[in-house]
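Novice: Taken in order, the sequence shown gives residues 25 to 334; the numbers are from this note's numbering.
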Amino acid sequence: MTVACDGYARTAALLDGAATGKPAAGEFAVAAEFLAEVASQHGLAPPSSPDEEIRVLEWLGIDAIGVALGDRSWRERLGSLAGRELFVWAVIDGPFQGLAGRPGLGEALRAMSALAPARDVLAPEHERVKGQLRDAIEGGADGVVLGEDLSSSDGPLVSPRVVDERLVPLWREFSDLAGSLLTRRGRRPARFLHCDGRVDWLLDRVVAAGFDGLHSLEPVAETRLRSPYRGRCRPNPVLVDLIERYGDRLVFWGGMPLSLLERGDPARVRSFVSGLRAAARGGRFILGTTSGIVPPWVPRQALLAAYRRP
């Protein structure tokens, strides 16, 4: 049975393993300037209120949107979107990401590799993360994304052994805590990890930590960018492999390179997206940019080619 419904219900059904026809689509953020341009060009009300913003996002075909808990006005924004037609994600910097944001990445990497007990280094950030998780669910979030940029295109920035010893146990606590909570809609919140770069080394750890899914999928984007855009696009081979190996345990979100959208060629965007959809085969995949953020300079027609449902 195929689900045809609003963005929240479509995303929730996909997370539950139900068929949704086309994959759900979601971003952490879409620039207000971009939404205003779309509204102006397509006869929609300007997105000057949450109601109007949701209408424009729905018109685009976006089912889920994020609220970054690092923003000063996050409580107000979350409150304005909670319980509405869209699935709302709270985006939280993870323990490593938070540590890197204070002394800088170099100092964070040195601290992670030091002999000091992990709790001594990461404990304050871990407590912050747990507090933000509780606040987000209480505020109306439907799911949470823990951001941990631990990888580059060449591989892990932190030794996998250190990740196993120092981060995976904290992620597991985060997932368990989230699993003990209920959203305002009466569901267990979805739990995702965001990590840029190569993720092959990370996948088993994401599963072990109890996450429901993984966001970004830069290797998916990079693989297709190296292939010619001629004729009908074949299923994205990297996404096919990910879903075959982990699709019973993880939902994958992302895979669309921002650089492709920035080039502004709707035909290439449609070809690329058809490759992602063919790879997903109606399975547990959420279409989105690898960055999770659509900036104001993205050509409007390119994003319409990616998201707009016929």
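Glycine is no exception: its CB is placed at the ideal position from the N, C-alpha and C atoms. No experiment lies behind these values; they were computed from the predicted model shown.
Throw me the rounded Cβ distance for the Gly85 and Arg305 pair, which I believe falls under 8 Å.
Specialist: Translated into positions along the sequence shown, residue 85 becomes position 61. Translated into positions along the sequence shown, residue 305 becomes position 281. Actually they are not in contact, since the Cβ atoms of Gly85 and Arg305 sit about 19 Å apart, beyond 8 Å.
Novice: So, using beta-carbon positions, are Leu93 and Ala114 closer together than 8 Å?
Specialist: In the sequence shown, the residue the question calls residue 93 occupies position 69. In the sequence shown, the residue the question calls residue 114 occupies position 90. Yes, Cβ-Cβ distance for Leu93 and Ala114 is below 8 Å.
Novice: Just curious, the beta strand (DSSP E) that Val168 is in, first and last residue?
Specialist: Position 144 of the sequence shown, counted from the start, is the residue given in the question as residue 168. It spans 167-171 - the beta strand (DSSP E) in which Val168 sits, taken as one unbroken run.
Novice: Between Arg18 and Pro47, which are expected to be in contact by the criterion C-beta below 8 Å, what is the C-beta distance as a whole number of angstroms?
Specialist: This structure cannot speak to residue 18, because the chain is shown only from 25 to 334.
Novice: Around the Cβ of Trp321, are there at least 16 other Cβ atoms within 10 angstroms (buried) or fewer (exposed)?
Specialist: Numbered from its first residue, the sequence shown carries residue 321 at position 297. Exposed is the call here.
Novice: What is the DSSP secondary structure of Glu162, counted as helix, strand or coil?
Specialist: Start at 1 with the first residue of the sequence shown, and residue 162 comes out as number 138. DSSP places Glu162 in helix when its eight states are reduced to three.
Novice: Since Pro259 sits in a beta bridge, which residues does DSSP pair it with?
Specialist: Walking along the sequence shown from the start, residue 259 turns up at place 235. According to DSSP, Pro259 bridges with nothing at all.
Novice: Give the C-beta separation of Arg209 and Asp166 to the nearest angstrom, bearing in mind that I take them to be a contact with Cβ-Cβ under 8 Å.
Specialist: Translated into positions along the sequence shown, residue 209 becomes position 185. Translated into positions along the sequence shown, residue 166 becomes position 142. With 8 Å as the limit, Arg209 and Asp166 qualify as a contact, their Cβ atoms being about 7 Å apart.
Novice: Alpha carbon to alpha carbon, how far is Ile310 from Val318? Give it in angstroms, no decimals.
Specialist: Taking the sequence shown and counting its residues from 1, one reaches residue 318 at position 294. Taking the sequence shown and counting its residues from 1, one reaches residue 310 at position 286. So the alpha carbons of these two residues sit roughly 15 Å apart.
Novice: Can you have a look at Leu218 and say buried or exposed, based on whether 16 or more other CB atoms are within 10 angstroms of its CB?
Specialist: Stepping through the sequence shown from its first residue, residue 218 is reached at position 194. With the sequence shown as reference, residue 218 is identified as His, and Leu is not the correct amino acid for it. By the neighbour-count rule (16 or more Cβ atoms within 10 Å), His218 is buried.
Novice: Under the DSSP definition of a beta bridge, which residues are partnered with His218?
Specialist: The sequence position of residue 218 within the sequence shown is 194, counting from 1. Partner(s): Gly171, His239.
Novice: Taking Cβ positions, are Arg308 and Leu38 nearer each other than 8 Å?
Specialist: Translated into the one-based positions of the sequence shown, residue 308 becomes position 284. Translated into the one-based positions of the sequence shown, residue 38 becomes position 14. Taking 8 Å as the Cβ cut-off, Arg308 and Leu38 qualify as a contacting pair.
Novice: Please state the DSSP three-state secondary structure of Gly312.
Specialist: For the purposes of this step, residue 312 is taken as the residue at position 288 of the sequence shown. Note: Gly312 maps to strand in three-state DSSP.
Novice: What did DSSP end up calling Arg324 once you bin it into helix, strand or coil?
Specialist: Indexing the sequence shown from 1 puts residue 324 at position 300. In the structure shown, Arg324 sits in a helix (DSSP, three-state: H, G or I).
Novice: Could you tell me how far apart the beta carbons of Arg229 and Val187 are, in whole angstroms, since I believe they sit closer than 8 Å?
Specialist: Position 205 of the sequence shown, counting from 1, holds the residue named residue 229. Position 163 of the sequence shown, counting from 1, holds the residue named residue 187. Right, the Cβ-Cβ distance comes to about 6 Å (below 8 Å), so this counts as a contact.
Novice: Determine the burial state of Ala28: buried for a count of at least 16 other Cβ atoms within 10 Å of its Cβ, exposed for fewer.
Specialist: On the sequence shown, position 4 is the one that residue 28 refers to. With a pLDDT of only 48 at Ala28, under 50, the local geometry of the prediction cannot be trusted, and the value read off the model is given with reservation. The residue in question, Ala28, is exposed, as its Cβ has fewer than 16 Cβ neighbours within 10 Å.
Novice: Can you name the start and end residues of the beta strand (DSSP E) that Glu61 belongs to?
Specialist: Residue 61 sits at position 37 when you count from the first residue of the sequence shown. Per DSSP, Glu61 belongs to no beta strand (DSSP E); it is in the alpha helix (DSSP H), 56-65.
Novice: I'd like to know whether the C-beta atoms of Asp87 and Gly31 end up nearer to each other than 8 Å.
Specialist: Here residue 87 refers to the residue found at position 63 when the sequence shown is read from its first residue. Here residue 31 refers to the residue found at position 7 when the sequence shown is read from its first residue. For Asp87 and Gly31, yes; Cβs fall inside 8 Å.
Novice: Where does Glu286 land, buried or exposed, given buried means 16+ other C-beta within 10 angstroms?
Specialist: Residue 286 sits at position 262 when you count from the first residue of the sequence shown. Glu286 comes out exposed.
Novice: Measure the alpha-carbon distance for Ala202 versus Leu129 and round it to whole angstroms.
Specialist: Numbered from its first residue, the sequence shown carries residue 202 at position 178. Numbered from its first residue, the sequence shown carries residue 129 at position 105. Computed Cα separation, rounded: 27 Å.
Novice: Tell me, please, which residues DSSP counts as bridged to Pro180.
Specialist: For the purposes of this step, residue 180 is identified with residue 156 of the sequence shown, where counting begins at 1. Its beta-bridge partners are Ser175.
Novice: Use the C-beta contact count for Leu206: other C-beta atoms within 10 angstroms, 16 or more gives buried, fewer gives exposed.
Specialist: Counting from 1 along the sequence shown, the entry for residue 206 is found at position 182. So Leu206 counts as exposed.
Novice: What does a CB cutoff of less than 7 Å around Pro184 pick up in its chain, not counting 5 residues either side in sequence?
Specialist: On the sequence shown, position 160 is the one that residue 184 refers to. Taken in chain order, the residues that qualify are Trp225.
Novice: By Cβ distance below 8 Å, which residues in the same chain neighbour Arg108 in space, the five residues on each side in sequence not counted?
Specialist: Against the sequence shown, residue 108 aligns to sequence position 84. Taken in chain order, the residues that qualify are Tyr32, Pro74, Ile78.
Novice: Report, in whole angstroms, the separation of the C-beta atoms of Pro193 and Ile161, which I expect to be a contact under 8 Å.
Specialist: For the purposes of this step, residue 193 is identified with residue 169 of the sequence shown, where counting begins at 1. For the purposes of this step, residue 161 is identified with residue 137 of the sequence shown, where counting begins at 1. With a Cβ gap of about 21 Å, Pro193 and Ile161 do not count as contacting.
Novice: Among all the DSSP beta bridges, which residues are the ones paired with Val115?
Specialist: Position 91 of the sequence shown holds residue 115. For Val115, which the question treats as bridged, DSSP gives the partners Ala92, Val169.
Novice: Helix or strand or just coil, what does DSSP make of Gly210?
Specialist: Here residue 210 is taken as the residue at index 186 of the sequence shown, counted from 1. Coil, per DSSP.
Novice: Determine the closest residue to Leu418 out of Ala53, Gly316, Arg269, with distance taken between C-alpha atoms.
Specialist: Beyond the ends of the chain as shown, which are 25 and 334, falls residue 418; an answer cannot be given.
Novice: May I ask you to report which of helix, strand or coil DSSP gives Ile317?
Specialist: The residue you call residue 317 lines up with position 293 of the sequence shown. Strand at Ile317.
Novice: Could you work out which residue in Glu149, Thr313, Ile267 is closest to Phe198 when comparing CA atoms only?
Specialist: Locating residue 198 in the sequence shown gives position 174, where the first residue counts as 1. When each option's Cα is compared against that of Phe198, the closest is Glu149.
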